[in-house]
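**Q** Take the sequence shown: its letters are residues 1 to 671, numbered as in UniProt numbering. The beta carbon of each residue, even a glycine, is placed where N, CA and C say it ideally should be.
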Amino acid sequence: MLKLKNLSLKISPNLSLNQLRYFLTAKFPELKEFPKSIQSYQDLHKYSVDNSDHFWGTLAKNRLEWYEPFEKVNNNAKFSDLNKYNAQWFLNGKLNVSVNCVDRHYLKNPNKVALIWEKDEPGTHETVTYEQLYKLMNKMANLLKSCGVQKGDRVAIYLPTCTMVVACMMACARIGAVHSVVFAGFSAESLASRINDSECKIVITANQSVRGGKTIDLKKTVDAAVKQSPTIKNVLVYKRTNNKFNRNPDKDIIIDEVLDELSPECAPEIMDANDPLFMLYTSGSTGKPKGLVHAQAGYILQTAFSHQIAFDYDQNDVFGCLADVGWITGHTYIVYAPLCNGGTTVLFESSPIYPNPSRYWETIQRLKINQLYIAPTSIRLLIKNGDEWLKNYDRSSLKLLGSVGEPINHEAWHWYYDVIGDKRCKIIDTWWQTETGSMMIAPLPCGQNDVIKPAMAMRPFFGIDAVLLDERGQERDLTNAEGILCIKKPWPSMARTIYGDHQRFIDTYLKPFPGYYFTGDGAQTDENRHFQITGRVDDVINVSGHRIGTAEVEDVLDESHHVSESAVVGFPHETLGEGIFAFITLRKNDVYNEDELINELKTLVKSKIAAYAVPHYFLIVSNLPKTRSGKIMRRILRKIASDKFNEMGDTSTLFDPSLLDEIVAKYKSLK
Ligand code: PRX
Numbered sequence: 001m002l003k004l005k006n007l008s009l010k011i012s013p014n015l016s017l018n019q020l021r022y023f024l025t026a027k028f029p030e031l032k033e034f035p036k037s038i039q040s041y042q043d044l045h046k047y048s049v050d051n052s053d054h055f056w057g058t059l060a061k062n063r064l065e066w067y068e069p070f071e072k073v074n075n076n077a078k079f080s081d082l083n084k085y086n087a088q089w090f091l092n093g094k095l096n097v098s099v100n101c102v103d104r105h106y107l108k109n110p111n112k113v114a115l116i117w118e119k120d121e122p123g124t125h126e127t128v129t130y131e132q133l134y135k136l137m138n139k140m141a142n143l144l145k146s147c148g149v150q151k152g153d154r155v156a157i158y159l160p161t162c163t164m165v166v167a168c169m170m171a172c173a174r175i176g177a178v179h180s181v182v183f184a185g186f187s188a189e190s191l192a193s194r195i196n197d198s199e200c201k202i203v204i205t206a207n208q209s210v211r212g213g214k215t216i217d218l219k220k221t222v223d224a225a226v227k228q229s230p231t232i233k234n235v236l237v238y239k240r241t242n243n244k245f246n247r248n249p250d251k252d253i254i255i256d257e258v259l260d261e262l263s264p265e266c267a268p269e270i271m272d273a274n275d276p277l278f279m280l281y282t283s284g285s286t287g288k289p290k291g292l293v294h295a296q297a298g299y300i301l302q303t304a305f306s307h308q309i310a311f312d313y314d315q316n317d318v319f320g321c322l323a324d325v326g327w328i329t330g331h332t333y334i335v336y337a338p339l340c341n342g343g344t345t346v347l348f349e350s351s352p353i354y355p356n357p358s359r360y361w362e363t364i365q366r367l368k369i370n371q372l373y374i375a376p377t378s379i380r381l382l383i384k385n386g387d388e389w390l391k392n393y394d395r396s397s398l399k400l401l402g403s404v405g406e407p408i409n410h411e412a413w414h415w416y417y418d419v420i421g422d423k424r425c426k427i428i429d430t431w432w433q434t435e436t437g438s439m440m441i442a443p444l445p446c447g448q449n450d451v452i453k454p455a456m457a458m459r460p461f462f463g464i465d466a467v468l469l470d471e472r473g474q475e476r477d478l479t480n481a482e483g484i485l486c487i488k489k490p491w492p493s494m495a496r497t498i499y500g501d502h503q504r505f506i507d508t509y510l511k512p513f514p515g516y517y518f519t520g521d522g523a524q525t526d527e528n529r530h531f532q533i534t535g536r537v538d539d540v541i542n543v544s545g546h547r548i549g550t551a552e553v554e555d556v557l558d559e560s561h562h563v564s565e566s567a568v569v570g571f572p573h574e575t576l577g578e579g580i581f582a583f584i585t586l587r588k589n590d591v592y593n594e595d596e597l598i599n600e601l602k603t604l605v606k607s608k609i610a611a612y613a614v615p616h617y618f619l620i621v622s623n624l625p626k627t628r629s630g631k632i633m634r635r636i637l638r639k640i641a642s643d644k645f646n647e648m649g650d651t652s653t654l655f656d657p658s659l660l661d662e663i664v665a666k667y668k669s670l671k
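1) State yes or no: is the C-beta of P29 nearer than 6 Å to some heavy atom of the ligand PRX?
2) DSSP state of I506, grouped into three classes?
3) Does H331 pass the burial test, meaning 16 or more other C-beta atoms within 10 Å, or should it be called exposed?
4) Looking only at its chain, what residues have a beta carbon closer than 6 Å to the beta carbon of T651, apart from the 5 residues adjacent to it on each side?
5) Can you tell me whether F645 is buried or exposed? The criterion is at least 16 other CB atoms within 10 Å of its CB, across all chains shown.
6) Hey, quick one: how far does the beta strand (DSSP E) through E265 stretch, first residue to last?
7) Report yes if the C-beta distance between K489 and D521 is below 7 Å; otherwise report no.
8) Pick from G342, C321 and S397: whose alpha carbon is nearest that of A375?
9) With hydrogens ignored, establish whether the beta-carbon of G405 is closer than 6 Å to any heavy atom of the ligand PRX.
10) Taking the alpha carbon of I541 as the reference point, which residue from I620, R459, W491 and P407 has its own alpha carbon closest?
11) In chain order, which beta strand (DSSP E) runs of at least 3 residues are fully inside the segment 344-426?
12) Just the C-alpha distance for E559 and I620, rounded to the nearest angstrom, thanks.
13) Count Cβ pairs between the segment 513-533 and the segment 241-254 that sit closer than 8 Å; are there 3 or more?
14) Going by C-alpha distance, which of Q433, Y360 and A167 is nearest G284?
15) Could you spell out where the alpha helix (DSSP H) holding S180 opens and where it closes?
16) For T627, list the residues DSSP reports as bridge partners.
17) List in chain order: all unbroken alpha helix (DSSP H) runs of 4+ residues lying wholly within the UniProt domain "Acetyl-coenzyme A synthetase N-terminal" (41-101).
18) According to DSSP, is I584 helix, strand or coil?
19) N341 and A304: beta carbons closer than 7 Å?
20) Between I580, F618 and K588, which has its C-alpha nearest E596's C-alpha?
21) The beta strand (DSSP E) with A295 in it runs from where to where?
22) Is D465 near the ligand PRX, going by C-beta to nearest heavy atom under 6 Å?
23) Taking only three categories from DSSP, how would you classify T271?
24) I'd like to know if the segment 145-153 and the segment 120-136 are in contact, where contact means that at least 3 CB-CB pairs between them fall below 8 Å.
25) Assign Y592 to buried or exposed, taking buried as 16 or more other Cβ atoms, counted over all protein chains shown, within 10 Å of its Cβ.
26) How about the segment 295-314 and the segment 545-558: do they share at least three Cβ pairs that are nearer than 8 Å?
27) Is it the case that the Cβ atoms of T363 and E118 are separated by a distance below 7 Å?
28) In or out: R628 buried (at least 16 other Cβ within 10 Å) or exposed?
29) Would you say the beta carbon of W491 is closer than 6 Å to some non-hydrogen atom of the ligand PRX?
So, in structure tokens, the structure goes:
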């Protein structure tokens with residue numbers, strides 16, 4: 001066993017066929033159940049795609065605890081079934097995800113640490129064992145039940161990253177309620193619209209959140225949201241701080257005051273493999289954010305499997321995904337996957353630069369983190385602060401470094417590898433989305449003689465059939481190609497629908513290229529068919545790893561009585577990856593002070609969406625560049641906002657080409 005473990009630490013950069021087999025045998029005992037003819041990573045990947053029933057079926061039988069076995073692995077739904085697409089996995093299987101994530105580890109190893117909550121206050125962390133998590137989860141499940149929450153009901157969770165948020169997510173899974181975690185930086189308006197869209201019965205929050213030494217009154221935001229949300233029966237409040245807060249005797253229940261009276265046992269609900277597990281809102285190129293619904297068995301199986309294989313995760317590792325629980329990265333790789341694997345997972349409440357830019361390194365040293373998983377935006381922020389912040393901290397526990405959320409630039413990749421990882425840790429750039437549930441393209445495990453290439457996500461994960469299409473929807477040969485990244489076959493952890501609007505799900509993801517799942521991203525491949533993600537090809541901006549639809553910001557700006565029209569585009573930003581640029585025209589004869597107007601617009605976006613959606617620049621212009629048929633030419637605005645004045649391409653279809661000179665001149669005076 002020891003030998004295998006050592007081998008697993010050395011799996012890259014040059015992995016021989018024998019090493020691959022050893023690695024996979026240690027992490028992947030099911031390998032022996034697949035044909036002997038499988039001789040390489042490529043063979044195994046091909047097998048997993050061509051025989052996905054046998055592949056996923058074998059894993060699901062071995063890795064999950066079922067009340068009743070499934071009868072069929074999948075229903076063979078095809079992306080081309082535009083009218084009746086409805087993928088199902090592990091049909092008629094019955095299980096409970098909280099049992100898989102908590103009970104089975106609690107029974108085997110109650111004192112093992114499940115969670116390490118790294119609090120905002122520097123140097124302070126709390127550990128939570130599987131036994132403690134089991135009890136807290138059950139207490140919260142009983143509290144939800146006492147509030148009338150039943151299987152299938154939606155529960156909004158508006159909490160910072162802390163032990164309680166995990167207990168609440170697991171409590172929902174235990175009783176079959178569908179949680180809808182809303183990132184605790186969203187405004188009251190955003191929270192209310194999410195609560196109303198899915199008719200949540202309960203919202204769970206904290207009196208305050210604490211980040212970077214500052215407190216935010218979450219309860220106040222929730223009170224404002226609940227005023228607009230008639231379906232909310234109760235607000236459950238967790239006291240994160242000792243600060244006083246407004247109590248509404250009709251609705252509020254203070255968790256800390258009732259916890260002692262609640263039973264630490266709660267029988268798990270028996271769930272169908274395809275029942276919804278949770279929903280999570282994400283932005284798209286049109287309309288309001290979509291509530292993507294993830295199902296039980298497929299999600300938990302693939303997330304746990306990918307966590308173990310792609311992160312080379314060992315049972316005793318401390319896994320440090322330092323994201324916020326409010327996004328899919330947090331759901332999958334802070335909560336569900338590590339717990340399903342019986343691991344120890346870190347909940348990081350703070351910021352990489354609080355109290356100073358050593359925070360990550362001090363935390364890694366103190367908690368002995370083995371895998372670090374962060375976004376390139378944090379890496380760029382830390383590069384800017386200089387290497388001296390790392391010097392006094394021991395990072396020898398680190399084995400692997402992961403990147404997620406946005407394309408990683410070469411400078412960030414090399415700093416991650418050379419400085420943070422001391423050139424000894426593997427780096428995996430992982431591409432995936434809220435919709436995909438778990439990672440889809442990632443460097444590990446390696447194939448024969450492969451090296452991990454800087455800044456590349458590299459190879460589709462097992463079971464994932466990734467292709468590149470041209471604009472007409474034709475598949476490109478994957479050698480040295482460039483195109484629109486699409487997926488050819490359903491996979492277990494794929495979101496099943498958009499809450500309340502299955503047609504929108506089909507229109508958004510399956511209609512653009514019939515027969516394929518459209519990711520919204522572009523990618524290119526090298527001579528070895530390895531993938532590199534180039535970024536969104538639609539009207540979605542990725543600001544420090546957060547997705548925001550340009551239409552969402554425009555809708556808010558257009559609400560201002562000053563604004564006649566707006567066009568929002570992304571531009572390259574040194575640390576955030578992309579920034580937000582708003583071009584606006586004002587109503588005729590409007591009298592305004594430019595600074596005041598811009599501040600007013602910033603406040604409007606912050607209050608309607610969230611701080612991260614506020615444009616970095618506003619440019620007031622007399623008109624927006626449009627075609628003769630009245631369509632705004634965003635392509636041109638994107639070039640202007642990126643300082644690429646010489647790359648505007650064909651401008652002959654513009655209604656008023658002279659307008660460009662005015663916009664460029666104003667833009668230059670702005671920057
Ligand atoms: O554009 C891609 C980018 O983030 C989008 C998904 O955002 P979200 O659903 O919020 O999930 C983020 C975390 C999984 C993708 O469509 N993205 C994510 N990972 C990468 C990436 N872009 C490039 N490289 C990545 N590794």
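**A** According to the structure shown:
1) no
2) helix
3) buried
4) P657
5) exposed
6) Note, E265: premise wrong, no beta strand (DSSP E); not H, not E.
7) no
8) C321
9) yes
10) P407
11) 344-348, 371-374 and 400-404
12) 16 Å
13) no
14) Q433
15) Not the alpha helix (DSSP H): S180 falls in the beta strand (DSSP E), residues V178 to V181.
16) L654
17) 41-50 and 52-63
18) strand
19) yes
20) F618
21) K290 to A295
22) no
23) The amino acid occupying residue 271 in the given sequence is Met; Thr does not appear at that position. The answer is strand: DSSP assigns M271 an E or B state.
24) no
25) exposed
26) no
27) yes
28) exposed
29) no
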